[in-house]
Amino acid sequence: MSPDSLPRSMLITADIAGLRRRVAAARHAGQLIGCVPTMGALHAGHVSLMQQARTECDFVIATLFVNPKQFGPQEDLQKYPRPFEVDCDKCREAGVDLLFHPDIRAMYPAEFATFVAVDGLTANWEGVIRPTHFRGVTTVVAKLLNLTQPDKAYFGQKDFQQQAIIRRMCRDLDMPTEIVTCPTVRDPDGLALSSRNVYLSPTERASGLSLHRALCLARDKVQAGETNLEVIRLVMRAEMEQTPGVFVDYATIADPDSLVELSDPQPRMVALVAARVGPTRLIDNLLIP
Ligand code: PAF
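Per this note's numbering, the sequence shown runs over residues 1316 to 1604.
Here you go:
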């Protein structure tokens, strides 16, 4: 066995001081540090982020923390899946060097009082339906980036608005981390992987495919020369609404940087959709062209 094919040992720690020591050692050794923040319930999408970090960095940290501050009062914090042992195995197999799995009280002591909030980009789409979600995300990501001090941090395109907001936060706050957005990983039939897909019954899962169909229709219409984006939005919405059990939250075409809805076509656009399928909310997106 060559040294490269030997399984790596992965350190699992909940200890902030221990994490900081290990990060300082990696820095001191001149290693490029990559971080993949997650809430666990890992699927192939998360694994692809870790694999990309592994190919680009010397020291790969994954964080696993179900962040209560990004769940609304009616959301699924209590039932959010937490298969810790399975997640550890997936991180190990993906080549993670350190898994940081902090305790809630270490992240949010009783006297915790500081939030990081990005204006503008959070005003639309998910921000309307989940008004406190993004300030929870940016607060925890700012904390995790402060703790892990990575050169690069990896997020999925699946959460398109999230990655745009985190990128904005890092620029605005002069955080030195490069934000890397990795492609959405899909099941062969097109359903975007999400930790919440486990909630879907087989019938709901079949209905959930309408989100990807709507996005593909939008891309095809643009590529066929349709320039009326309102027509395309209606086509997307109709595709989802005609599917039993699907209740559309939004279907739009927006600028990929500002996330402002577009009236006229431009070279770079993103189609964004969100819908409720049974009790589960699904989101998806596609860059056009
Ligand atoms: O995308 C997620 O899993 C979470 O929003 C993140 C970025 C790990 C913050 O809790």
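Using N, Cα and C, we set each Cβ at its ideal position, and we do this for glycine too.
Secondary structure of Leu1526 (DSSP, three-state): helix.
A check of alpha carbon separations from Arg1445 across Phe1386, Leu1459, Thr1499 and Ala1566 identifies Phe1386 as the nearest. The three-state secondary structure of Gly1442, taken from DSSP, is helix. The beta carbon of Asp1504 sits closer than 7 Å to the beta carbons of Leu1524 from its chain, once the five residues preceding and following it are set aside; these are given in chain order. By the criterion of a C-beta distance shorter than 8 Å, Thr1463 is surrounded in its chain by Leu1334, Val1338, Ile1348, Cys1350, Ile1376, Thr1378 and Phe1415, once the five residues flanking it on both sides are discounted. Leu1532 places its beta carbon less than 8 Å from that of Glu1554. Of all alpha-carbon atoms in Asp1474, Leu1326, Lys1467 and Ile1480, the one lying nearest the alpha-carbon of Ile1494 is that of Lys1467. Within the segment 1320-1395, the runs of beta strand (DSSP E) that reach at least 3 residues and sit entirely inside it are, in chain order, 1326-1328, 1348-1353 and 1374-1379.
Taken from the Cβ of Thr1492, every heavy atom of the ligand PAF lies 7 Å or farther away. Under DSSP, the beta-bridge partners assigned to Lys1467 are Gly1349 and Glu1493. For the ligand PAF, a non-hydrogen atom lies closer than 7 Å to the CB of Pro1352. For Val1561, the secondary structure class from DSSP, reduced to helix, strand or coil, is strand. The straight-line gap separating the alpha-carbon atoms of Ala1409 and Thr1453 is approximately 26 Å.
Under DSSP, the beta-bridge partners assigned to Met1584 are Ile1603. With respect to the 8 Å criterion, Cys1406 and Met1325 are classified as neighbours on the basis of their beta carbons. Note on geometry: alpha-carbon atoms of Thr1499 and Gly1360 lie some 7 Å from one another. Excluding sequence positions up to five before and after Ser1522, its CB lies within less than 7 Å of the CB of Thr1558, Pro1559, Gly1560, Val1561 and Val1592, all in the same chain and listed in chain order. Counting only residues of its own chain and dropping the five nearest sequence neighbours on each side, Ile1327 has a CB closer than 7 Å to the CB of Cys1403, Leu1414 and His1416. A heavy atom of the ligand PAF is found nearer than 7 Å to the CB of Val1452. Shown here, Arg1501 sits in a strand according to DSSP, grouped into three states.
Only residues of its own chain outside the window of five on either side were considered, and among them Met1354, Gly1355, Ala1356, Leu1357, His1358, Tyr1395 and Pro1396 have a CB closer than 8 Å to the CB of Ser1510, listed in chain order. Comparing C-alpha distances from Ala1569 to each of Arg1450, Arg1596 and Arg1534 shows the shortest one belongs to Arg1534. The straight-line gap separating the alpha-carbon atoms of Arg1501 and Ser1363 is approximately 11 Å.
Remark: C-beta atoms of Ala1329 and Asp1418 approach each other more closely than 8 Å. Around the beta carbon of Glu1441, a 10 Å sphere encloses 16 or more other beta carbons of the protein chains shown; the residue is thus reported as buried.
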